[in-house]
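> This is the structure I want to talk about, given as structure tokens.
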Amino acid sequence: MIRFSKSIGGFIFGSLLLIFLIISSLYPNYFAKIVLKVGIKDLATPATNDLDKFLDDSVLKPILYNPQILTNLGLHQLDFFTNHNEKLNDYSVEKSESDHEKFLTYYEKLNNFDETKLPSSAQLNLEVAKFSANIEKRGFEDFRYYMGPFIQFYGTHLSFVNFLTDTHKLEDKKDAEDYIKRLSLVPQAINELMVFEKRRADAGIYSPKFVYEKTMLQLSSLIETPTNKHPLYLSFSDAIEKMDLNNKKKGSLLSNLAKEIENFKSSYSTLKALVKKNSNNAREFDGVWSLPNGDDYYKHRLQIFTTTDLSADEIHNLGLQMVEEIQSEIKSILLAEGYDINRPLADLFVELNNDSRFLFDDSDEGRQAILEEYRRINDDTYAMLPDYFNELPQAKVIVKRVPIFSEKSAAGGYYQGSSLDGSRPAAWYANLYDIKATQTFKMPALSFHEAVPGHHLQIALNQENANQTLWNKFGYRTSAFTEGWALYAERLAVEAGLVKDPYEMIGSLQSELFRAARLVVDTGLHAKKWTREEAIVYMMDNAGEVRSESESEIERYIVWPGQATSYMIGRIKIMELREKAQSELGDKFNIKDFHSVVLMNGILPLTVLESLIDKYIEENKLS
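In my numbering, each residue carries its 1-based index in the sequence shown increased by 33.
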């Protein structure tokens with residue numbers, strides 16, 4: 034309760050405060066937007082022209098209506114106005130349709146800007162924004178139901194659990210109460226997403242059989258795990274033990290949590306029944322070519338992920354060529370180490386993968402040893418950064434294990450950026466499900482990719498860069514750039530001398546081979562009518578993957594068509610641009626400056642990146 038002073042000054046202050054509270058309660062997002070603009074002023078440079086102001090606003094508005102993004106970004110100061118930390122996103126079909134109507138208004142205004150009246154930086158932004166908008170427009174209008182929400186690799190049934198256990202802040206009583214409120218909304222969100230899943234079925238869009246089977250296994254695990262051993266319970270109970278709360282309050286919170294976990298399980302049981310029903314109509318073939326207008330859909334996916342007009346055939350043939358070249362390089366190292374290279378390369382890979390010299394004990398201690406080794410590699414890699422980069426990230430990155438409930442179908446490793454306020458550190462997650470899939474000689478390359486100089490370096494620098502507009506930082510994403518950079522970073526680490534052991538060099542080359550083989554299998558699956566098994570065997574025979582890892586990867590490519598091609602296509606382009614700059618600048622070439630141009634201008638389509646490098650070359654020729 035507010036206690037008003039008897040003085041006139043106190044009365045006026047109290048009255049103004051009351052008015053503010055009333056207005057802010059009626060128009061919370063108005064004040065939230067003001068606070069958000071203030072909060073990000075140190076993260077981005079203010080827009081100075083009409084286009085950049087327009088683009089910045091297009092970023093701000095969705096953030097304010099996306100509670101999970103607000104939490105993910107660490108914008109906890111806005112919670113006073115938005116109460117977003119107790120909410121989930123709106124997953125309804127109606128919301129997506131409303132968002133598309135707003136997008137069409139944005140699309141029309143975007144295309145009305147006169148490029149000739151904009152400064153050069155804004156012209157680049159307009160080019161990127163139009164590229165992104167055209168992709169989004171076609172995706173919604175022609176292929177809205179092609180990507181399902183309940184997929185074994187990235188499904189929302191997993192992301193809700195990951196979000197609550199890894200992203201939701203749990204530091205005080207309010208955080209704990211908000212956690213329970215958020216959990217209570219999961220059944221509603223599941224119901225909304227099931228409407229979308231039913232619409233997919235009505236449109237005749239189904240996933241392959243194995244997708245439904247693996248999703249049902251994940252759902253079963255989350256349903257059948259006892260409440261007091263559930264990941265939602267364990268993360269919460271661990272957190273409140275560290276809070277300054279009495280035992281009665283802790284007990285009350287845990288009791289309320291347990292009730293909501295039971296409701297959560299019930300909604301997941303309903304979802305499981307729907308998934309099982311849809312599995313009866315699973316499509317016979319794995320590739321998207323088997324979907325209605327599937328070839329056109331795949332072409333669209335390749336445009337999204339490569340930001341080029343390369344055809345499936347061109348990408349496939351490029352992959353075959355690179356696989357052969359990298360395999361030849363690996364064989365030369367194996368020959369020097371005394372191996373019989375007349376044996377099938379797949380057999381040699383199996384021998385290496387099963388060599389006890391390179392494996393950890395299949396135990397909790399062995400898995401902990403893997404995490405410690407990754408931490409050592411990461412620490413050592415930081416030492417080389419000043420020799421290659423003008424800018425270094427302030428945020429650090431930690432190594433964590435992929436959550437046990439999702440590791441069976443998860444990738445070998447993945448990265449999650451830090452919150453903007455630094456309360457949640459950046460982390461990269463190592464998959465320890467099949468410990469025989471982690472060989473010591475492969476570990477450096479994976480660490481270079483996910484941490485530094487790969488994902489963490491690029492993403493943290495982008496997040497910390499105050500010399501870009503808000504839209505430059507958050508308005509556009511493409512894995513052709515981000516994954517292309519991470520794969521380029523693996524090779525950069527080799528050039529920096531961080532790989533000295535011949536077996537670690539084989540590990541680095543295998544990583545490149547793996548991404549080259551992806552060009553082959555992704556296009557093979559989705560354009561050349563390969564089966565899932567054919568793709569799995571190709572990866573095992575040509576990229577040295579163990580069965581479990583190959584299977585998980587191929588299943589990822591099936592449900593995420595085109596994305597796997599972005600790594601090598603992006604890496605090729607960045608390397609081509611570096612070689613071009615070196616050739617044309619000669620002694621004037623500075624690798625630190627080159628990296629600054631690549632990293633300090635936001636995430637870009639490869640065509641736009643090329644124009645920036647061309648500009649950098651011309652400017653330095655004249656200097």
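Glycine included, each C-beta is placed from N, C-alpha and C at the ideal position.
Computed from a predicted structure; not experimentally measured.
Determine the DSSP secondary structure at Gly619, reduced to helix, strand or coil.
In the structure shown, Gly619 sits in a helix (DSSP, three-state: H, G or I).
> Can you tell me the Cα-Cα spacing of Glu210 and Ser302, whole angstroms?
Near 25 Å, if we compare the C-alpha coordinates of Ser302 and Glu210.
> Who are the Cβ neighbours of Ala32 in its own chain at under 8 Å, not counting the five residues just before and after it?
As shown, the chain starts at 34 and ends at 656. That puts residue 32 outside it, with no answer to give.
> Taking the alpha-carbon positions, what's the Phe183 to Arg400 distance?
Cα-Cα distance, rounded: 29 Å.
> Round the Cβ separation of Met538 and Ile366 to the nearest angstrom and send it over; I've been treating them as touching at under 8 Å.
About 6 Å separates the two Cβ atoms, so the contact holds.
> Using the C-alpha atoms, what's the distance from Ala597 back to Lys292?
Taking the straight line from one Cα to the other gives about 41 Å.
> Quick one: what's got a C-beta closer than 8 Å to Ile569's C-beta in the same chain, skipping five residues either side?
Result list for Ile569: Arg580, Ser583, Glu584, Ile587, in chain order.
> Is it right to say Ala499 is buried, meaning 16 or more other beta carbons lie within 10 angstroms of its own, or is it exposed?
Classification for Ala499: exposed.
> Contact defined as beta carbons within less than 8 Å: I believe Ala77 pairs with Lys86. What is the distance between those atoms, to the nearest angstrom?
Incorrect: roughly 12 Å between the Cβ atoms, too far for contact.
> Out of Tyr245, Gly517, Asp90, Lys163, state which residue places its alpha-carbon closest to the alpha-carbon of Ala306.
Of the candidates Tyr245, Gly517, Asp90, Lys163, the one whose C-alpha sits nearest the C-alpha of Ala306 is Tyr245.
> Please tell me whether Leu287 and Ser270 are closer than 8 Å, where the distance is taken between their beta carbons.
Going by C-beta atoms, Leu287 is nearer than 8 Å to Ser270.
> For Leu250, is the classification buried or exposed, using 16 other Cβ atoms within 10 angstroms of its Cβ as the cut-off for buried?
Leu250 is exposed by the Cβ-count criterion.
> I'd like to confirm the pairing. Which residues does DSSP put opposite Arg434 in its beta bridges?
In the DSSP output, where bridge partners are listed per residue, Arg434 has Ala463.
> So, for Gly487: in the same chain, excluding its five sequence neighbours on each side, which residues have a beta-carbon less than 6 Å away from its beta-carbon?
Closer than 6 Å at the Cβ level, and outside the excluded window around Gly487, lie Phe481, Ala519, Ala522.
> Can you grab the Cα-Cα spacing for the pair Asp277 / Leu265, in whole Å?
Using only the alpha carbons, I get a separation of about 21 Å.
> Under the rule that 16 or more other beta-carbon atoms within 10 Å means buried, what is Lys606, buried or exposed?
Flag for Lys606 reads buried.
> Evaluate contact between the segment 208–225 and the segment 107–127, counting only Cβ atoms and requiring at least three cross-stretch pairs below 8 Å.
Verdict: yes, contact present.
> What span of residues does the alpha helix (DSSP H) with Tyr330 cover, start to end?
Run containing Tyr330: 327–339, per the alpha helix (DSSP H) assignment.
> Tell me the rounded alpha-carbon separation between Ser389 and Ile403.
Distance between the alpha carbons of Ser389 and Ile403: 14 Å.
> Under 8 Å Cβ to Cβ from Glu497, same chain only, skipping five residues before and after it: list those, please.
Excluding sequence neighbours, Glu497 sits near Leu76, Pro426, Gln427, Ala428.
> Can you tell me whether Thr339 is buried or exposed, with buried defined as 16 or more other CB within 10 angstroms of its CB?
The residue is buried, with at least 16 neighbouring Cβ atoms inside 10 Å.
> Please give the ranges of any alpha helix (DSSP H) in the segment 72–111, keeping only runs that are unbroken, at least 4 residues long and fully inside the region.
Whole alpha helix (DSSP H) segments, 4+ residues: 83–97, 100–105.
> Leaving out five residues before and five after Glu440 in sequence, what residues of the same chain have Cβ atoms less than 6 Å from its Cβ?
Correct list, in chain order: Asn464, Tyr466.
> From what residue to what residue does the alpha helix (DSSP H) around Gly446 run?
Per DSSP, Gly446 belongs to no alpha helix (DSSP H); it is in the beta strand (DSSP E), 446–449.
> Would you list the one or two residues that DSSP bridges to Pro241?
Paired residues: Arg316.
> Count the other C-beta atoms from every protein chain shown that fall within 10 angstroms of the C-beta of Phe44, then say buried if there are 16 or more, exposed otherwise.
With a pLDDT of 41 at Phe44, under the threshold of 50, the modelled position of that residue is not reliable, and no figure is offered here.
> Taking 8 Å as the threshold, find out whether the segment 356–373 comes into contact with the segment 524–539 through three or more Cβ pairs.
These segments touch.
> Could you check where the alpha helix (DSSP H) with Ala222 kicks off and where it finishes?
From DSSP, the alpha helix (DSSP H) with Ala222 extends over 206–235.
> Rounded to whole angstroms, what's the CA-CA distance from Thr260 to Glu295? Just pull it up for me.
Approximately 7 Å, taken between the alpha carbons.
> Return the first residue and the last residue of the alpha helix (DSSP H) that Glu405 is part of.
Run containing Glu405: 397–415, per the alpha helix (DSSP H) assignment.
> Which stretch, first to last residue, makes up the alpha helix (DSSP H) that contains Leu525?
512–528 is the extent of the alpha helix (DSSP H) around Leu525.
> Take the Cβ of Asn386 as the centre, count every other Cβ of all protein chains shown within 10 Å, and call the residue buried at 16 or more, exposed below.
With 16 or more Cβ atoms within 10 Å of its Cβ, Asn386 is classed as buried.
> Please find out if some non-hydrogen atom of the ligand SAH comes closer than 7 Å to the beta-carbon of Lys163.
The model on display carries no ligand, and the ligand SAH is accordingly not part of it.
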